[in-house]
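Reviewing the structure listed below.
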Amino acid sequence: MEGSRGPRIVAREGDRVVVKVVSHVPNNISIHWHGIRQLQSGWADGPSYITQCPIQTNQTYVYNFTITGQRGTLFWHAHISWLRASVYGSLIVFPKHNVSYPFAKPHKEVTIMLGEWFNADSEAVIRQALQTGGGPNVSDAYTFNGFPGPLYNCSANTRPYFTGQGTFDNTTGAGILEYETSSNSTTFTPTLPPINATNVVANFTRKLRSLASSQFPVNVPQTADKKFFFTVGLGNSPCPKNQTCQGPNGTKFSASVNNISMVLPSSALLQSYFFKKSNGVYTSDFPSSPLHPFNYTGTPPNNTLVVNGTKLVVLPFNASVEVVMQGTSILGAESHPLHIHGFNFYVVGEGFGNFDPNNDPKNFNLVDPVERNTVGVPSGGWVAIRFYADNPGVWFMHCHFDVHLSWGLRMAWIVLDGTLPSQKLPPPPSDLPKC
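Per UniProt numbering, numbering through the sequence shown is continuous, rising by one, with the last residue being 435.
Right, dumping it as structure tokens:
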């Protein structure tokens, strides 16, 4: 079942992966290897205007990286605007040879990629939304491995979890699993909770734990050198003069971290940082907490306008970092899947309402927390993560809902070099795309 998804990439832990990307599309494009830590290979991470300029039509770029200390099922996808909607595939990293799974080895492994399909040019969809300031048209179907399945448009029993209003298609995707040896065919349709069952999601994610074994140790920071409190959520920005906008009360939809909606620069941040040419590209004064605190999950303040900027956080090499991400209810509480590039992090706590810095940290799990590269900030709540800044470079952090990403729910970290050669970011490859 290939459908419209891209090829599967299979590797083993410790392998070097070399992918030559040749662009035959009219759009600028780049590829991100989602979940790969890119230790000392930040030039291969892929987010456009963060670690590289995008690949232009008829141009090539070779992504070259080694998979260090990781195994599992990941994926790769385009990382510019909304091209991820149609350019993506699985990235499967097996353990080294003769290393056993931490569970009974399955008889067979089948990869299922979940996606969306637009009966339109997805770039035109987001372009129109950004122009009008309103919400984008939702997709026309959900897909399994690139196929929409047999039920469109006649069912309402199978569905994902989401909390956004009007952001997603509310139809049903289905697939049929056939057993080769079965003689009697029965159709099984599960009974699922409501589409916005936030408590069900919270009860599930709270139970997740790491193995915390000698083979798979937990290296969660017991203390934090650097602490950050980030609000994440939707807001709005003023409508330009002589224009009618379709966002809230005639404004434009915006999204932000600590009320700053990130503007992508016209050149790549990693290059600007590496060659010490940050002037006019970015500043390093991203606030470590909201400049104007408010009741984040209660009645929103009168002024919900966000500010635009390209501000980064600078972290010393190997600093222990704690980030509390607080969801806001300014324009409705939503669950936000936050993804951090360059790091795996430990989810040490989560809860509903406003984070209490005096009492909530007492209940943090510093023994066997789950290790992730993406975490859902609960709708109307908060999540706390910790990691070591042991990977020099410039690393993106953003909501993985593409519309929120496009609206500015994103920021970036600079992690400085360490003292040893193995702790420094090497220079860029000669074929790094130019802007």
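All C-beta atoms, glycine included, are put in the ideal place defined by N, C-alpha and C.
Contact check for Q38 against D45 passes: the beta carbons are separated by less than 8 Å. A contact between stretches requires three or more CB pairs, one per stretch, nearer than 8 Å, and the segment 330-339 meets this requirement with the segment 396-410. Residue pairing of R16 in beta bridges, as defined by DSSP: T66. Around the beta carbon of V99, a 10 Å sphere encloses fewer than 16 other beta carbons of the protein chains shown; the residue is thus reported as exposed. When the beta-carbon positions are compared, T304 and G380 stay at least 8 Å from each other. The three-state reading of DSSP puts I126 in helix, counting H, G and I together.
If you draw a 10 Å sphere on the C-beta of L83, you find 16 or more other C-beta atoms in it, and that means buried.
Annotated three-state conformation of Q52 is strand, per DSSP. Distance between V314 and G393, taken at the CA atoms: about 10 Å. When secondary structure is reduced to three states using DSSP, K252 falls in the strand class. In the three-state DSSP reduction, L338 falls in the strand class (E or B).
Boundaries for T231: no alpha helix (DSSP H) harbours it, while the beta strand (DSSP E) harbouring it runs K226 to S237, taken from the DSSP string.
In summary, K252 is buried, with 16 or more beta-carbon neighbours lying within 10 Å of its beta-carbon over all protein chains present. The Cβ atoms of S86 and Q52 lie no closer than 8 Å to each other.
Judged by their CB atoms, F229 and Q326 are nearer to each other than the 8 Å cut-off.
When DSSP states are grouped into helix, strand and coil, S406 belongs to the helix group. DSSP places L270 in the helix class (H, G or I) of the three-state scheme. Inclusion of I260 and F286 in the CB contact set at 8 Å is warranted, their separation being smaller than that value. When the alpha-carbon of S48 is set against those of L420, R410 and P240, the nearest one is in R410. Of all C-beta pairs linking the segment 239-259 to the segment 273-285, fewer than three are shorter than 8 Å, placing the two stretches out of contact.
Residue environment analysis places E350 among the buried positions, since at least 16 neighbouring C-beta atoms fall within 10 angstroms of its C-beta.
A contact between stretches requires three or more CB pairs, one per stretch, nearer than 8 Å, and the segment 264-271 fails this requirement with the segment 210-225.
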